[in-house]
Each structure stands twice: as structure tokens, then as C-alpha cells.
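Residue numbers (numbering that gives the first Met the number 0): 0 to 304.
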Amino acid sequence: MEHKTYTLTLEEKTFTVELNNWAEQAHGSVLVRVGDTVVLATAVMNHHPREGGADFFPLSVDYEEKFYATGKILGSRFVKRETRPSEEAILVSRLIDRSIRPRFDMRIRNEVQVIITVLSIDEKNDPDVPALLGASLALSLSDIPWNGPIAGIRVGKRHTIADEAPNGFVLNPIYEEREGADLDVIISGTADRISMIEAGANEMQEEEFALAIEWGFAFIKQMIKFQQSIITDHAVTKREVHMTPRSPELTKLLADEFMAAIERAMYGHQAHNKKIVHSAIADAKEAWMAKAEEMYPDTFTKAEG
């Protein structure tokens with residue numbers, strides 16, 4: 000791929016995206032830089048469905064930290080072989096997974112692997128937000144079927160900096176700004192909806208929290224537009240993969256009879272009670288499974304457990 004560099008500045012923080020010949024055997028790869036924090040994102044997909052069959056979409060996301068990213072070169076006193084990922088690495092992997100997984104067709108049975116490697120960290124800018132951007136672009140610039148792009152940002156708030164930003168919110172705060180913060184939330188989504196929220200807050204009112212989400216979502220839209228301009232410059236034909244065709248009857252049945260029940264359970268007047276919500280969702284799922292099995296007894300298999 001031709002070497003090109005793109006930049007996007009949001010609230011005086013600049014994202015730099017580099018397309019180069021790194022990871023040439025990957026189906027999609029991109030470097031993302033914020034300050035001196037640099038991540039490499041790669042995406043690959045097997046050309047054939049998973050051997051032995053699978054009843055799920057086999058996606059794996061690995062966020063890998065390296066000691067050299069902080070300038071620490073281990074000596075002979077340390078075990079040099081790879082060990083298990085840190086708790087932070089596991090959490091970031093899950094964050095990225097939850098953001099990108101909904102944009103895949105769940106009927107895909109080819110294994111897909113997304114790896115984000117932290118190459119450098121400046122101890123100011125957290126790599127998780129650049130990693131989200133990198134994962135989205137690596138998939139979008141590959142031939143892997145994916146309905147992206149997505150984007151993610153972090154919103155922080157501290158009362159001590161309330162006079163420095165509108166509503167006291169700070170976009171992608173550095174580590175120092177996050178210490179003792181009243182709000183620390185990561186939002187990801189597409190240009191028209193939010194798909195993932197991971198938050199921690201200190202006695203914050205619901206109205207203020209909702210305002211923070213709305214404020215951050217405006218920047219997600221800008222990041223989506225930025226990615227779309229890159230994707231347009233490097234149009235890639237998506238690969239055709241074998242997928243089991245959907246049943247129009249089952250799809251209509253799900254939309255007409257059961258989605259309303261799920262929405263009532265999630266957003267109804269008792270949505271604040273988790274036990275009631277989980278029970279209502281479980282009841283709706285059971286009803287759906289029973290109806291589908293009744294309609295298609297020869298082809299529908301009820302999952303155990």
C-alpha cells in the first residue's frame with residue numbers, strides 16, 4: 000500500500016494515521032499516533048470457514064503490551080518469553096471486541112483476528128482510544144466483510160477543571176487529568192448510534208452523565224467522517240464468504256413478535272431493576288426459541304446451556 004499520512008485534530012489533540020508497508024501479510028494494517036503513543040493495528044481473516052464447523056462467529060481481538068513501548072529493555076534477570084496478558088490488556092481487548100463485533104455479520108464462520116500492538120507510550124496518552132481507531136481502519140481497509148467504520152473517544156470531567164472546558168468535560172484526558180476524575184467514560188459507535196459505553200463516575204447525576212455522552216458523540220461523528228475520507232482514498236473490494244442464508248420467515252417473526260418484548264424489557268418502566276430486566280429478556284428468548292423450533296423442527300437446533 001502507498002505510504003500516506005492523515006491527521007485529525009480534536010480539542011487540540013491530534014490523531015495521526017499512517018498507511019505503510021508494515022505487516023504486509025496482514026489483510027489490513029495501520030499505524031495510529033497520538034502524541035508519542037503509537038499503536039499498530041492489523042486484521043486478518045482465514046480464507047476458509049473454521050474446520051469442524053462452528054455455531055458462532057470466530058472473532059478474536061488481542062491487545063498486546065510490550066515493555067519496550069515505555070523504553071524498558073529487560074535484562075538477563077527477567078524471563079524474556081511472552082507471559083499472559085495483563086488485566087489492563089484483557090480489558091482493552093474486550094473493549095475493542097464489544098465495539099467492532101456488532102458490525103460483523105454473525106453468520107460468518109471464517110476466523111477473524113485483530114491484533115493491536117502498543118509500539119510506544121508517552122505516559123500521557125492512553126493507547127486504548129488510538130487502538131479503537133486503528134482496529135476500525137485496519138478492518139475497513141482490508142477485504143474482510145465488515146460494516147464499519149466505528150470510532151471511540153474518552154470523556155473525562157473534574158470539578159477542578161470545570162472552568163477550562165465547556166460543561167467541565169475534557170476529550171481524551173491524559174493520565175494526570177483522569178486521576179480523581181468525577182467522570183471517566185469511553186464511548187464507541189457509528190455515525191448514527193452508540194454501541195458501547197464503559198464508564199466510571201463519582202456521584203454524578205443521570206442528566207449530567209447523559210450530557211457527557213451527547214457531548215462525546217459529536218466527536219465520534221467527526222472521527223467517522225475522518226475515517227470515511229481515508230477509506231474513500233483506498234477503496235477495497237470486500238471478499239465474498241459463504242454464509243448460511245437467513246430465513247425471511249424467521250427474520251419477520253423476530254422483528255414482529257419478539258423485538259418489541261426485548262425493547263420493553265430493556266427500556267420499560269422497570270428497566271432500572273436488573274433482575275426484572277434479565278428475567279424478562281430470558282423469557283422473551285425462551286419464547287423465541289420455542290416458536291422457532293416449532294416452525295422449523297428439522298433445521299432449528301436449540302442451544303444447550
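For every residue, glycine included, the Cβ atom is placed at its ideal position computed from N, Cα and C.
Straight-line CA distance for residue 212 to residue 18?
As a first step, residue 212 must be located in the sequence shown, where it is residue number 213. As a first step, residue 18 must be located in the sequence shown, where it is residue number 19. Residue 18 has its alpha-carbon roughly 31 Å from the corresponding atom of residue 212.
**Top-ranked residue by Cα proximity to residue 91, from 52, 45, 132** = Here residue 91 corresponds to residue number 92 of the sequence shown, with the count starting at 1. It is 132.
If I follow the unbroken alpha helix (DSSP H) through residue 231, where does it start and stop? Reading the sequence shown from its first residue, position 232 is the one you call residue 231. From DSSP, the alpha helix (DSSP H) with residue 231 extends over 205 to 232.
Residue burial classification, residue 247 (beta-carbon count within 10 angstroms, cutoff 16)
Walking along the sequence shown from the start, residue 247 turns up at place 248. Exposed, because fewer than 16 other Cβ atoms sit within 10 Å of the Cβ of residue 247.
Worksheet entry | Span separating the alpha-carbon of residue 63 from that of residue 125 | Your numbering for residue 63 matches position 64 in the sequence shown. Your numbering for residue 125 matches position 126 in the sequence shown. Approximately 14 Å between the Cα atoms of the pair.
* In the DSSP assignment, find the beta strand (DSSP E) that holds residue 3 and state where it starts and stops. => Here residue 3 refers to the residue found at position 4 of the sequence shown. Run containing residue 3: 3 to 9, per the beta strand (DSSP E) assignment.
Beta carbon of residue 312 nearer than 8 Å to that of residue 58: Not covered by the structure: residue 312. The range shown for the chain is 0 to 304.
Exercise. Is it right to say residue 228 is buried, meaning 16 or more other beta carbons lie within 10 angstroms of its own, or is it exposed?
Worked result: Here residue 228 refers to the residue found at position 229 when the sequence shown is read from its first residue. For residue 228, the number of other beta carbons within 10 angstroms of its own is below 16, and it is reported as exposed.
If we ignore side chains and look at the alpha-carbon of each, how far apart do residue 8 and residue 221 end up? Locating residue 8 in the sequence shown gives position 9, where the first residue counts as 1. Locating residue 221 in the sequence shown gives position 222, where the first residue counts as 1. Taking the straight line from one Cα to the other gives about 10 Å.
*asked:* Tell me whether the segment 40 to 51 and the segment 107 to 125 touch, counting them as touching only if at least three CB pairs, one residue from each stretch, are closer than 8 Å.
replied: Contact between the segment 40 to 51 and the segment 107 to 125 is present: three or more C-beta pairs spanning the two stretches fall below 8 Å.
Nearest candidate by alpha-carbon position, reference residue 152, set 237, 188, 241, 210: On the sequence shown, residue 152 is found 153 positions in, with the first residue counted as 1. Closest by alpha carbon: 188.
- Query: Residue range of the beta strand (DSSP E) that residue 91 falls in?
  - Reply: Taking the first residue of the sequence shown as 1, we reach residue 91 at position 92. Looking at the DSSP string, residue 91 is not in any beta strand (DSSP E); the run it does join, the alpha helix (DSSP H), is 86 to 99.
| request: Provide the residue span of the beta strand (DSSP E) that contains residue 12, from first to last. | output: In the sequence shown, the residue the question calls residue 12 occupies position 13. Start and end: 12 to 18.
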